[in-house]
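Okay, structure first, notes after.
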Amino acid sequence: MSTPLVSLRAIAFLAAAALLSRPLVAENRRSTDLEIERCLSKAEVVDRGEVLVGITSPNRLVIECDGEKHQAVFKSVDEVRRGRTRFESGRSEINFTDSYRYERAAYLLDRELGIHRVPVAVIRKVDGREGALVQWIEDASTEIEFGRRFSTQEIIELADQKATMHLFDALILNTDRRPENWLVGHENLKLYLIDHSRAFRTQHELPEDFERRPANLPRSVFANLQDLNETRLTTLLEGLIDMTQIRALLARRNLALQKISQDIETHGVDTILSD
0 MSTPLVSLRA IAFLAAAALL SRPLVAENRR STDLEIERCL SKAEVVDRGE VLVGITSPNR
60 LVIECDGEKH QAVFKSVDEV RRGRTRFESG RSEINFTDSY RYERAAYLLD RELGIHRVPV
120 AVIRKVDGRE GALVQWIEDA STEIEFGRRF STQEIIELAD QKATMHLFDA LILNTDRRPE
180 NWLVGHENLK LYLIDHSRAF RTQHELPEDF ERRPANLPRS VFANLQDLNE TRLTTLLEGL
240 IDMTQIRALL ARRNLALQKI SQDIETHGVD TILSD
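Below is the structure:
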């Protein structure tokens with residue numbers, strides 16, 4: 000899901016993976032989330048690739064389900080730092096966490112909201128280590144690596160999807176949405192959101208960059224956002240995030256709803272909410 004480190008071994012693995020593996024989407028129909036979850040949960044790991052470029056050093060794997068080979072990403076980072084952590088960028092954070100569990104939490108919340116931009120992720124063990132095994136997104140790349148310029152209409156379409164991405168990141172307080180952490184589908188220009196292990200922070204405030212720009216989101220996502228509640232989230236995200244994180248998420252949700260309502264008053268409902 001990120002560009003692999005360049006080495007002869009990596010090149011050999013990727014060449015083999017291209018020949019042996021298929022995406023977790025059938026040629027004649029799109030696999031359901033439950034089918035992909037079943038594959039990721041039960042699959043045998045048949046090949047291990049290089050560590051991928053990225054802060055959390057995930058592994059690219061080849062797995063086999065029902066006689067077919069697919070690619071997936073395994074992330075096992077699970078770090079907690081109490082007190083203040085300072086980063087090379089100059090940014091600091093209190094009680095920093097970086098956990099593979101947040102990959103599945105982000106996937107489940109994405110589906111609860113009806114966004115459908117986060118790859119399927121399950122929790123399982125690989126080589127005795129527990130982590131998140133995440134669906135590999137085929138036929139997609141970062142915008143920098145896309146290989147062609149986008150038309151004006153395509154830029155508008157991507158901007159609409161990015162607006163939903165900004166809402167999602169504000170809701171989960173994702174601190175690691177760098178340009179390499181979203182992909183664009185080559186055929187459908189669908190935006191895919193990846194790498195969420197540095198999310199679900201406990202601050203109640205919305206990010207400043209989200210508050211500065213008018214919201215833009217589908218009406219269905221807005222309705223689902225309104226319907227979020229503590230009971231549902233506690234059940235949905237059990238074992239993945241704690242109650243402090245859930246209540247912080249709901250506090251940010253409340254602020255986001257206030258902002259969206261204000262944006263609707265200022266700019267009009269048809270500007271802020273889309274069909």
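In this text, residue positions in the sequence shown follow numbering that gives the first Met the number 0: the first is 0, and each later residue adds one.
Beta carbons are placed, not taken as given, at the ideal position from N, Cα and C, and that holds for glycine.
Inset, instruction - Grab me the residues of residue 184's own chain with a C-beta within less than 6 Å of its C-beta, minus the 5 sequence neighbours each way, in chain order. - result: 139
Legend entry - Continuous alpha helix (DSSP H) stretch holding residue 187: start and end: First-last for residue 187: undefined, no H or E at that position.
Legend entry - Stretch-stretch touch, CB-based, cutoff 8 Å, three pairs: the region 157-169 with the region 216-230: yes
Legend entry - Segment limits, alpha helix (DSSP H) that includes residue 250: 242-266
Inset, instruction - Tell me residue 130's beta-bridge partners as DSSP assigns them. - result: 123
Legend entry - beta strand (DSSP E) segment containing residue 70, residue limits: 67-74
Inset, instruction - From the DSSP output, in three-state form, read off residue 178 for me. - result: helix
Inset, instruction - Per DSSP, which residues does residue 61 bridge with? Please list them. - result: 46 and 70
Legend entry - Same chain, Cβ closer than 7 Å to residue 188, neighbours up to 5 away in sequence not counted: 153, 156 and 157
Inset, instruction - Would you give the residue range spanned by the alpha helix (DSSP H) that residue 197 belongs to? - result: It is not in any alpha helix (DSSP H) - residue 197 carries neither H nor E in the DSSP assignment.
Inset, instruction - Sort 269, 42 and 76 by Cα distance to residue 195 and report the nearest one. - result: 76
Legend entry - DSSP bridge partner residues for residue 77 (one or two, in chain order): 98
Inset, instruction - Tell me whether the beta-carbon of residue 237 lies closer than 9 Å to the beta-carbon of residue 119. - result: no
Inset, instruction - State the beta-bridge partners of residue 31 as determined by DSSP. - result: Answer is none; residue 31 lacks a bridge partner.
Legend entry - Stretch pair the region 95-105 + the region 219-233: three plus CB contacts closer than 8 Å: no
Legend entry - Exposed unless 16 or more other CB atoms sit within 10 angstroms - verdict on residue 171: buried
Inset, instruction - Count the other CB atoms, across all protein chains shown, that sit within 10 Å of the CB of residue 146; report buried if there are 16 or more and exposed otherwise. - result: exposed
Legend entry - CB contact flag (residue 162, residue 211, <9 Å): no
Inset, instruction - Quick one: measure Cβ to Cβ for residue 62 and residue 34, integer angstroms, because I've assumed they're closer than 8 Å. - result: The pair is not a contact, with the Cβ atoms about 14 Å apart (cut-off 8 Å).
Legend entry - Local conformation of residue 271 per DSSP, three classes: helix
Inset, instruction - Give the DSSP bridge partners of residue 93, in chain order. - result: 83
Inset, instruction - Would you check if the distance between the CB atom of residue 131 and the CB atom of residue 99 is smaller than 9 Å? - result: yes
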